[in-house]
Every structure is written in C-alpha cells, then in structure tokens.
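Residue numbering for the sequence shown follows our numbering, starting at 224 and increasing by one per position.
Only one structure is covered here, and it is reproduced in the block below.
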Amino acid sequence: MKNANSLLIGAMLSLITLMPLSATAQATGDAGKPAAMAAASMTDGEVRKIDKDAGKITIKHGDIKHLDMPGMTMVFPAKDKALLDKTQVGDKIRFMVINEGGKMVVTAIEPAK
C-alpha cells in the first residue's frame with residue numbers, strides 16, 4: 224500500500240511540473256496565429272487624408288469584422304510609408320488593418336473593385 228501511494232504521489236508531481244509548460248505554449252498564442260491571420264480580411268474604405276511625413280492615413284471605413292470594430296473615420300499609422308504612395312484623397316480602397324500592441328496599423332492598401 225505504501226508503494227502504491229508513493230507511486231501515485233510521484234506521478235501526480237510529475238504531471239504538475241509539466242502543466243506550466245503546456246500553459247506557456249498556449250499563452251504565447253503561437254498556435255492561434257495562423258487562425259487569427261486567416262480570419263483577418265480586407266475592409267472597404269475611403270481615403271479622407273494622407274500625411275506622408277507622419278506615415279498616417281485617415282480612412283472612413285465600414286465595419287472591421289476581424290477586430291470587432293464598427294464603421295467610423297479613423298487615423299491609422301501605415302506599417303510602411305510606401306503604402307501611402309499608392310493612393311490619393313478620395314480614393315475608394317480596400318485595406319488590411321491589424322492590432323499591433325493595442326495600436327491599429329494599416330498593413331496593406333489596394334484600390335476597391
């Protein structure tokens with residue numbers, strides 16, 4: 224009986240020491256990144272203002288579904304200032320925006336079809 228209890232306690236301690244490793248892998252979000260990126264989609268919008276020096280673009284946009292954000296007019300920083308060379312004020316566009324550390328950042332812009 225004493226050996227059985229010792230084995231049971233040993234097995235439980237082994238499992239308990241492995242649990243934080245599993246939690247760490249889940250908390251880093253590595254497994255969820257492909258699913259999150261797949262859920263991201265282009266959003267329709269209209270360019271209201273471009274500030275190339277500051278690397279910012281003002282867009283009146285529809286709902287950004289993958290970020291659960293309603294339609295509104297917002298100023299977004301561009302991930303790459305070169306994105307702003309592709310568009311002009313008044314253009315109808317489709318754009319990709321991501322949440323980068325709590326900051327909404329435009330990562331792609333293309334003309335609306």
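Every residue, glycine too, gets a C-beta built ideally from N, C-alpha and C.
Output needed for residue i: all residues of its chain with C-beta closer than 7 Å, excluding positions within five of it in sequence on either side, in chain order.
i: G252; result: In this prediction, G252 scores a pLDDT of 46, lower than 50, which makes its location untrustworthy; the coordinate-derived value is nonetheless stated afterwards. Same-chain partners within the cutoff: there are none.
i: K309; result: I332
i: A335; result: D267, K315, I316 and R317
i: P293; result: D286
Is it right to say residue i is buried, meaning 16 or more other beta carbons lie within 10 angstroms of its own, or is it exposed?
i: V312; result: exposed
i: I232; result: exposed
i: V320; result: buried
i: V298; result: exposed
i: A301; result: buried
i: V270; result: buried
Checking 9 Å against the spacing of the C-beta atoms, do residue i and residue j come in under that value?
i: M327; j: L290; result: yes
i: K304; j: K272; result: no
For residue i, which residues of its own chain have a beta-carbon under 8 Å away from its beta-carbon, when the five flanking residues on both sides are left out?
i: M295; result: K283 and H284
i: A263; result: H289, M319 and I321
i: V329; result: I280, I282, F299, P300, A301, K302, L306, F318, M319 and V320
Which parts of the stretch 254-321 are runs of the beta strand (DSSP E), unbroken and 3 residues or longer, counting only runs that do not cross its ends?
266-274, 279-284 and 295-300
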